[in-house]
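So the protein lines, in turn, are chains A and B. First residue of the first sequence? That's 1 in our numbering, and the numbers climb one at a time after it. First residue of the second sequence? That's 301 in our numbering, and the numbers climb one at a time after it. Glycine included, each C-beta is placed from N, C-alpha and C at the ideal position. Quick notes on the structure that follows.
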Amino acid sequence: MTTPGSTTTPSTAGPAGPATLTDRARAGFASARPPRLATLLSLAVLGFVAVAALAPGLLAPGDPTAIRLDQALQSPSATHLLGTDQSGRDLYTRVVHGARESLTIGLGATALAMALAVTLGVASGLGGRVTDRVIGGALEVAFAFPVMLLALLLVAVRGPSSATLVIAVGIGSAPGYARMVRGQVLAVRREPYVEAAAALGHPRHRVVLQHVLPNAVRPLLAIATLGVGQSIVWASGLAFLGMGVAPPSPEWGALLEAGRMYVTTAWWLEVVPGLAIVAVAVALTTLGRTLQQRLEGAPS
Amino acid sequence: MTLALTDAAPGTRTLPERRGTPMLRVENLRVGFGRGAERTEVVRGVSFELSPGRCLAVVGESGSGKSVTARTLVGLTGRGSHVRADRLELDGADLLGLGERAWRRVRGRRIGMVLQDALVSLDPFRTVGAEIAEPLRLHRWGSRSERAARVLEVLEEVGVPEPGLRARQRSDELSGGLRQRALIASALALDPRLVIADEPTTALDVTVQAQVLDLLAASKRRGTAVLLISHDLSVVARLADEVCVMRDGEVLEHGLTEEVLRRPAHPYTRSLLDAVPSAATRGARLAPSTPGARLRATPAPAPGPTVEERPVLTATDLVKRFRGPDGVERTVVDGVSFELAAGETLGIVGESGSGKTTTARLALALLEPDGGEVLLDGAPWSAASPAERRPRRRRVGVVYQDPLSSFDPRWDVARVLADAAATDLEPPRGPAAVRARSVELLEQVGLGAEHLARHPLRLSGGQRQRVAIARALAPRPDVVVCDEPVSALDVSVQAQVLDLLTDLQRSLGVAYLFISHDLGVIHHLSDRVLVMKDGHVVEEGATEEVLTAPRHEYTRRLLSALPALPGAPGPRREAHDPR
Numbered sequence: 001m002t003t004p005g006s007t008t009t010p011s012t013a014g015p016a017g018p019a020t021l022t023d024r025a026r027a028g029f030a031s032a033r034p035p036r037l038a039t040l041l042s043l044a045v046l047g048f049v050a051v052a053a054l055a056p057g058l059l060a061p062g063d064p065t066a067i068r069l070d071q072a073l074q075s076p077s078a079t080h081l082l083g084t085d086q087s088g089r090d091l092y093t094r095v096v097h098g099a100r101e102s103l104t105i106g107l108g109a110t111a112l113a114m115a116l117a118v119t120l121g122v123a124s125g126l127g128g129r130v131t132d133r134v135i136g137g138a139l140e141v142a143f144a145f146p147v148m149l150l151a152l153l154l155v156a157v158r159g160p161s162s163a164t165l166v167i168a169v170g171i172g173s174a175p176g177y178a179r180m181v182r183g184q185v186l187a188v189r190r191e192p193y194v195e196a197a198a199a200l201g202h203p204r205h206r207v208v209l210q211h212v213l214p215n216a217v218r219p220l221l222a223i224a225t226l227g228v229g230q231s232i233v234w235a236s237g238l239a240f241l242g243m244g245v246a247p248p249s250p251e252w253g254a255l256l257e258a259g260r261m262y263v264t265t266a267w268w269l270e271v272v273p274g275l276a277i278v279a280v281a282v283a284l285t286t287l288g289r290t291l292q293q294r295l296e297g298a299p300s
Numbered sequence: 301m302t303l304a305l306t307d308a309a310p311g312t313r314t315l316p317e318r319r320g321t322p323m324l325r326v327e328n329l330r331v332g333f334g335r336g337a338e339r340t341e342v343v344r345g346v347s348f349e350l351s352p353g354r355c356l357a358v359v360g361e362s363g364s365g366k367s368v369t370a371r372t373l374v375g376l377t378g379r380g381s382h383v384r385a386d387r388l389e390l391d392g393a394d395l396l397g398l399g400e401r402a403w404r405r406v407r408g409r410r411i412g413m414v415l416q417d418a419l420v421s422l423d424p425f426r427t428v429g430a431e432i433a434e435p436l437r438l439h440r441w442g443s444r445s446e447r448a449a450r451v452l453e454v455l456e457e458v459g460v461p462e463p464g465l466r467a468r469q470r471s472d473e474l475s476g477g478l479r480q481r482a483l484i485a486s487a488l489a490l491d492p493r494l495v496i497a498d499e500p501t502t503a504l505d506v507t508v509q510a511q512v513l514d515l516l517a518a519s520k521r522r523g524t525a526v527l528l529i530s531h532d533l534s535v536v537a538r539l540a541d542e543v544c545v546m547r548d549g550e551v552l553e554h555g556l557t558e559e560v561l562r563r564p565a566h567p568y569t570r571s572l573l574d575a576v577p578s579a580a581t582r583g584a585r586l587a588p589s590t591p592g593a594r595l596r597a598t599p600a601p602a603p604g605p606t607v608e609e610r611p612v613l614t615a616t617d618l619v620k621r622f623r624g625p626d627g628v629e630r631t632v633v634d635g636v637s638f639e640l641a642a643g644e645t646l647g648i649v650g651e652s653g654s655g656k657t658t659t660a661r662l663a664l665a666l667l668e669p670d671g672g673e674v675l676l677d678g679a680p681w682s683a684a685s686p687a688e689r690r691p692r693r694r695r696v697g698v699v700y701q702d703p704l705s706s707f708d709p710r711w712d713v714a715r716v717l718a719d720a721a722a723t724d725l726e727p728p729r730g731p732a733a734v735r736a737r738s739v740e741l742l743e744q745v746g747l748g749a750e751h752l753a754r755h756p757l758r759l760s761g762g763q764r765q766r767v768a769i770a771r772a773l774a775p776r777p778d779v780v781v782c783d784e785p786v787s788a789l790d791v792s793v794q795a796q797v798l799d800l801l802t803d804l805q806r807s808l809g810v811a812y813l814f815i816s817h818d819l820g821v822i823h824h825l826s827d828r829v830l831v832m833k834d835g836h837v838v839e840e841g842a843t844e845e846v847l848t849a850p851r852h853e854y855t856r857r858l859l860s861a862l863p864a865l866p867g868a869p870g871p872r873r874e875a876h877d878p879r
């Protein structure tokens, strides 16, 4: 399994790219376009998934682990909207209840990646030449490994669990973000408004916190939304390889991995969780793009 | 031969007979953008004619529609534009309604276009030779070797030294002047009948500007018609035979250059001419009335601000070196010394690369010199530690060329001013005090409390620069370093901002270290002047002495390169005092 959506991997933006981001960000403030249909649809999908994650009982009152062997492997029908699995568990209920874990992994991994990236990127961009060399070198090395490989390594060491997945995917995707933060910091610190703040007599830490950090990180927020979808896909990929959350859990990747055996007889076991992942990833990517365009004023 | 303008608009003049028949005829040109009710017309009924070997200048400020007019003539008005005209002809052939394919046959071959910024207009990845050969190639002109020969020929024509070498270089290896000439060479490569030059000298130093204008004049003498788009009246005076003054998409005045510039018929032309700062405007106001300048208690034109002989900023033998990307160390500022007394204006004039901005940053102690020292109020400034400097930074303010990039893009005006005002109001005195101070600052610069909630993006260029000045004044500084503060502004806005700076100096007694490449601005404003070249001060002294009787050869060259407006502005100024 390769990494779907790898075309949106942050690695494609070299240090030269971010330099222009702030200029376009400025122009982006002025634009206020009406939301497109795709944006609204994405919001609807994410709203549904958010409710599923926070209060799954509202959408699917049943028990996701209730075994009804008499109703095993039923195709989608009125009673079982999306069919049942080999143990007769309702797939709709399981997908809804699995949202929380999948989203936790997606958001957690992205948050971790961003936190690491901002720390390393800012240290590299603002620290001296030696700090920059050391961090930059380390990032280059880490960057050379595919995210999946790093994640597999960590899971192999720590054993599969949600927490491990968050850490594994988070660390795996941090180097790409870190390089972007560094580039942004280097671009922003040369902006006249940073110099103007220094000329007013503000201490350096205040200039960094008030101007450099927010303006360097802002364009990344949009990219981070893309990262959430991607993290879910990676976590699912790990689960599919048997390195993710253990089977009884309705986590989407685990569902995919469990349904693998029945793919020829019960297609819905693969297609439904797969579609859930794709829908969330696409919705987040769409919103991320919209956000990016609003913030940067970039053409679509 | 009929008159160029048949409708009797105000300011229309009868044009005398011309040489030859017009090759370009534009009648009642209208260009709009958008659809239906949302359509806005940016060019509203423009008419002119242009004959071979003549130059027509279309003059106006931003938003006047001059550039759109020029773009219409090469079919590049862009998406969503709607072009109508009673007549739009080049050599009798209709240009109206040409398709993209047909336009491509016209562009480059029959109409050459020179754009403003050569750095952006030239492809950084191609050699200059390939760039100039492109129109030839696109129009299937000659064989490969013939094209190569033609490239060298045009480069020679536009006065590029060593054309063989230059043709093999890329645009970033050339100086600004050479780049602009390469661009002109590419426009002239196919020997077009008409050359459209859109602000061809705006980004250039005076001496280079003079060369570029000479070049266009030479091609005019060879029979090419030149349509010059410019906001700079002195450039127009140097090259154009006729002038067309535009505002809000309409032609306000059209006539022979001499006539229009000497005896402008339209009040707007007059105000444009008056707004040009020069030796003759010293001590006078440039703008007819600065809108909303509420502070102006002393309108009487005092001969000059009262200068106390107390030096606030003293620089001795400043040296600054930078290591270039090639690892070679260059001395950017070399032995610069100056003294800035309280309440006076010291101008620093020089071309790009002369080290004037580096000098400004050294004065601000944002850069530490490699040699020499800066004193603030007689106490160490450049030699002080950052912690010692910080509380004293409020004594020295700064105003940059591009105000927009000097504001944090996330901040509105209120936040920008509150942040600056907080440095003065210590201990922090609460939001009400900060707001009161912000409003006071805005009023000082001729804006009002209603601008507080705006984002700088939603302000005009002049308003932005006013906010930047307000921010610089917030900590009540003794010195404000102004680094090209009016270079990015339209003439009339520049006039208002210069007037404002003069007023503020009178009422607040601040001293200015005023950096500019524009000799007119420096002459208008400075008490004393420093002429810089290649990091050295080549001449310094009282402005009147240095700029009217220059001793150094370089200063003389700068002055002679400066295009001058015809006519004496003195009597004209009194003749039409508006109110």
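Express the C-alpha separation of Ile171 (chain A) and Glu251 (chain A) in angstroms, rounding to a whole number.
The count along the first sequence starts at 1 and reaches residue 251 (chain A) at position 251. The count along the first sequence starts at 1 and reaches residue 171 (chain A) at position 171. The alpha-carbon atoms of Glu251 (chain A) and Ile171 (chain A) are separated by roughly 21 Å.
Leu398 (chain B) - DSSP class collapsed to helix/strand/coil:
Position 98 of the second sequence, counted from the start, is the residue given in the question as residue 398 (chain B). Residue state, collapsed to three classes: coil.
If we ignore side chains and look at the alpha-carbon of each, how far apart do Ala575 (chain B) and Val343 (chain B) end up?
Mapped onto the second sequence, residue 575 (chain B) falls at position 275. Mapped onto the second sequence, residue 343 (chain B) falls at position 43. Spanning the alpha carbons of Ala575 (chain B) and Val343 (chain B) requires a straight line of approximately 24 Å.
Using only the alpha-carbon positions, how far apart do Arg325 (chain B) and Val526 (chain B) sit?
Residue 325 (chain B) sits at position 25 when you count from the first residue of the second sequence. Residue 526 (chain B) sits at position 226 when you count from the first residue of the second sequence. Cα-Cα distance, rounded: 13 Å.
From Arg694 (chain B) to Val207 (chain A), what distance separates their C-alpha atoms?
Locating residue 694 (chain B) in the second sequence gives position 394, where the first residue counts as 1. Locating residue 207 (chain A) in the first sequence gives position 207, where the first residue counts as 1. Whole-angstrom Cα-Cα distance: 15 Å.
Would you say Val780 (chain B) and Gly697 (chain B) are within 8 Å of each other, going by their C-beta atoms?
Working through the second sequence from its first residue, we reach residue 780 (chain B) at position 480. Working through the second sequence from its first residue, we reach residue 697 (chain B) at position 397. Taking C-beta atoms as the reference points, Val780 (chain B) and Gly697 (chain B) count as a pair closer than 8 Å.
Residues in the same chain with beta-carbon distance under 7 Å from Ile277 (chain A), minus the five sequence neighbours each way, listed in chain order, please.
Residue numbering aside, residue 277 (chain A) sits at position 277 when the first sequence is read from its first letter. Around Ile277 (chain A): Ile232, Val233, Ser236, Trp252.
Reduced DSSP category for Gly332 (chain B) - H, G, I as helix; E, B as strand; rest coil:
On the second sequence, position 32 is the one that residue 332 (chain B) refers to. Reduced to three states, the DSSP call for Gly332 (chain B) is strand.
Please report whether the beta-carbon of Phe707 (chain B) lies at a distance below 8 Å from any beta-carbon of chain A.
Taking the second sequence and counting its residues from 1, the one referred to as residue 707 (chain B) is at position 407. Yes - at least one Cβ of chain A is within 8 Å of the one on Phe707 (chain B).
So which residues on chain A does Val698 (chain B) lean against when the C-beta distance must stay under 7 Å?
Within the second sequence, residue 698 (chain B) is the residue found at index 398, counting from 1. Under a criterion of Cβ atoms nearer than 7 Å, the residues of chain A adjacent to Val698 (chain B) are, in order, Ala196, Ala199.
I'd like to know if the stretch 493 to 504 of chain B and the stretch 457 to 465 of chain B are in contact, where contact means that at least 3 CB-CB pairs between them fall below 8 Å.
Between the stretch 493 to 504 of chain B and the stretch 457 to 465 of chain B there are fewer than three inter-stretch CB-CB distances shorter than 8 Å, so the stretches are not counted as touching.
Just checking, does the stretch 156 to 171 of chain A make contact with the stretch 237 to 245 of chain A on the three C-beta pairs under 8 Å criterion?
Segments in contact, yes.
List the DSSP bridge partners of Tyr812 (chain B).
Here residue 812 (chain B) corresponds to residue number 512 of the second sequence, with the count starting at 1. The partner list for Tyr812 (chain B) (beta bridge, DSSP) reads B:Thr645, B:Val780.
Sequence-distant residues of its chain with Cβ nearer than 8 Å to Gly229 (chain A) (five each side left out):
One-based indexing of the first sequence puts residue 229 (chain A) at position 229. Cβ-Cβ distances below 8 Å link Gly229 (chain A) to Gly5, Gly106, Val280, Ala281, Val282, Ala283, Leu284, Thr285, Gly288 in the same chain, with the five nearest sequence neighbours on each side left out; the list follows chain order.
Looking at the structure shown, is Phe707 (chain B) part of a helix, part of a strand, or coil, going by DSSP?
Taking the first residue of the second sequence as position 1, residue 707 (chain B) is located at position 407. In this structure, Phe707 (chain B) counts as coil in the three-state DSSP scheme.
Listing by chain order, which chain B residues have their CB less than 7 Å from the CB of His211 (chain A)?
By one-based count along the first sequence, residue 211 (chain A) stands at place 211. For a Cβ distance threshold of 7 Å, residue set Asp708 of chain B lies close to His211 (chain A), ordered along the chain.
For Glu361 (chain B), three-class secondary structure by DSSP:
Locating residue 361 (chain B) in the second sequence gives position 61, counting from the first residue. DSSP, reduced to helix, strand and coil, places Glu361 (chain B) outside both helices and strands of the structure shown, so it counts as coil.
Is it buried or exposed for Met148 (chain A), if we count other Cβ within 10 angstroms and need 16 for buried?
For the purposes of this step, residue 148 (chain A) is taken as residue 148 along the first sequence, with counting starting at 1. Buried, since its Cβ has 16 or more Cβ neighbours within 10 Å.
List, in chain order, every chain A residue whose beta-carbon is nearer than 7 Å to that of Thr723 (chain B).
Residue numbering aside, residue 723 (chain B) sits at position 423 when the second sequence is read from its first letter. Correct list: Leu200, Gly201.
Below 7 Å on C-beta distance, what does Pro214 (chain A) contact in chain B?
Mapped onto the first sequence, residue 214 (chain A) falls at position 214. Result: Arg710.
Look at the alpha carbon of Pro214 (chain A) and the alpha carbon of Ala224 (chain A), and state the distance between them as a whole number of angstroms.
Numbered from 1 along the first sequence, position 214 holds the residue referred to as residue 214 (chain A). Numbered from 1 along the first sequence, position 224 holds the residue referred to as residue 224 (chain A). When only Cα atoms are considered, Pro214 (chain A) and Ala224 (chain A) end up about 15 Å apart.
Contact criterion: CB-CB distance below 8 Å. Does Leu789 (chain B) meet it with respect to chain A?
Position 489 of the second sequence holds residue 789 (chain B). So no, Leu789 (chain B) is outside the interface.
Jot down the residue ranges of each uninterrupted beta strand (DSSP E) in the stretch 613 to 698 of chain B, minimum 3 residues, whole runs only, in chain order.
Segments of the beta strand (DSSP E) lying fully in the stretch 613 to 698 of chain B: 629 to 641, 645 to 650, 671 to 676.
Neighbourhood of Ala663 (chain B) by C-beta, 7 Å cutoff - its chain only, sequence neighbours within 5 removed:
On the second sequence, position 363 is the one that residue 663 (chain B) refers to. So the qualifying residues of the chain are Leu613, Ala615, Val674, Val781, Leu813.
Does DSSP put Pro611 (chain B) in a helix, a strand or coil?
In the second sequence, counting from the first residue as 1, residue 611 (chain B) sits at position 311. Pro611 (chain B): strand per DSSP, three-state reduction.
Does the stretch 350 to 365 of chain B come close enough to the stretch 508 to 526 of chain B to have 3 or more Cβ pairs within less than 8 Å?
Because the criterion of three Cβ pairs below 8 Å is met, the stretch 350 to 365 of chain B and the stretch 508 to 526 of chain B touch.
To the nearest angstrom, how far is it from the Cα of Val619 (chain B) to the Cα of Pro775 (chain B)?
Within the second sequence, numbered from 1, the residue matching residue 619 (chain B) stands at position 319. Within the second sequence, numbered from 1, the residue matching residue 775 (chain B) stands at position 475. When rounded, the distance between both Cα atoms is 29 Å.
So, helix, strand or coil for Val551 (chain B), using DSSP?
The residue labelled residue 551 (chain B) in the question sits at position 251 within the second sequence. Strand at Val551 (chain B).
Mind checking which residues open and close the alpha helix (DSSP H) that includes Ser738 (chain B)?
Here residue 738 (chain B) is taken as the residue at index 438 of the second sequence, counted from 1. Secondary structure note for Ser738 (chain B): its alpha helix (DSSP H) is the uninterrupted segment 730 to 744.
Take the Cβ of Val846 (chain B) as the centre, count every other Cβ of all protein chains shown within 10 Å, and call the residue buried at 16 or more, exposed below.
What you label residue 846 (chain B) is simply residue 546 of the second sequence in a count that begins at 1. By the neighbour-count criterion, in which 16 or more other beta carbons inside 10 Å mark a residue as buried, Val846 (chain B) falls on the buried side.
Considering only the beta carbon of each residue, do Val358 (chain B) and Ile484 (chain B) sit closer than 8 Å?
As a working note, residue 358 (chain B) is residue 58 in the second sequence. As a working note, residue 484 (chain B) is residue 184 in the second sequence. No, they are not a contact pair.
Which residue or residues does DSSP assign as beta-bridge partners of Asp498 (chain B)?
In the second sequence, residue 498 (chain B) corresponds to position 198, counting from 1. For Asp498 (chain B), which the question treats as bridged, DSSP gives the partners B:Ile529.
Span separating the alpha-carbon of Ala660 (chain B) from that of Ala849 (chain B)
Counting from 1 along the second sequence, the entry for residue 660 (chain B) is found at position 360. Counting from 1 along the second sequence, the entry for residue 849 (chain B) is found at position 549. When only Cα atoms are considered, Ala660 (chain B) and Ala849 (chain B) end up about 26 Å apart.
Between which two residues does the alpha helix (DSSP H) containing Ile67 (chain A) stretch?
One-based indexing of the first sequence puts residue 67 (chain A) at position 67. Looking at the DSSP string, Ile67 (chain A) is not in any alpha helix (DSSP H), and its letter there is neither H nor E.
Rounded separation between Gly242 (chain A) and Pro219 (chain A) - CA only
Against the first sequence, residue 242 (chain A) aligns to sequence position 242. Against the first sequence, residue 219 (chain A) aligns to sequence position 219. Using only the alpha carbons, I get a separation of about 35 Å.
Looking only at its own chain, which residues have a Cβ that is under 7 Å from the Cβ of Thr84 (chain A), when we skip the five neighbours before and after it?
Residue 84 (chain A) sits at position 84 when you count from the first residue of the first sequence. For Thr84 (chain A), the CB contacts under 7 Å within the same chain, skipping 5 residues up- and downstream, are Gln71, Ala72, Leu73, Gln74, Asp90, Leu91 in chain order.
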